[in-house]
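Novice: Structure incoming, see below.
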Amino acid sequence: MSLAGLAAASSHVVQPAGTEDPQTQGPTSLIVHCPTVRYHTKVRAGRGFSLEELRVTGIHKKGNSSAEELKLTTQLTEPVMPIWNVYKKEKAQVITQEEKDFKAFASLRMARAHARLFGIRANRTKETAEQDVEKKK
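Going by full-length UniProt numbering, the letters in the sequence shown line up with residues 1 to 137, in that order.
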């Protein structure tokens, strides 16, 4: 037999029971992955206890409240912060031809252009007025 065959054969040998390392039943504390892309491959121990540890101590994470806890709770009779959503409903109306012909995008572009060029146009009209006064003299 070759060395490769011996290595393969020895890997299939059955180990006697109890010789392998003992495995833990679960984490002793929560296992948490870090939040960002840079660190999300890192695993660290989080706060708190594992579910098994809580079960052993008799503390249940989920479940119904006891009768004592229900007595201590207070029920609100009205909303904490009332929000009044009162909307005046508009009635449907027929669309006029003027509304159909209105071009919103073009009118917005023109309004921006007028606002941008307002000072330049004012200076230009002022200069032309001054030139007209000089020509008349």
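Every residue gets a Cβ at the ideal spot worked out from N, C-alpha and C, and that includes glycine. Because the structure is a prediction, the values reported are computed rather than measured.
(1) Hey, quick one: how far does the beta strand (DSSP E) through valine 32 stretch, first residue to last?
(2) Grouping DSSP H, G and I as helix and E and B as strand, with all else coil, what is valine 80?
(3) Can you tell me whether arginine 38 is helix, strand or coil according to DSSP?
(4) Under three-state DSSP, which class holds valine 133?
(5) Considering just the uninterrupted stretch of the beta strand (DSSP E) at alanine 45, what are its terminal residues?
(6) Which residue spans inside the region 94-126 form an unbroken alpha helix (DSSP H) run of at least 4?
(7) So what's glutamate 90 in DSSP terms, helix, strand or just coil?
Specialist: Walking through what the data contain:
(1) 31-33
(2) coil
(3) coil
(4) helix
(5) 43-45
(6) 97-101
(7) coil
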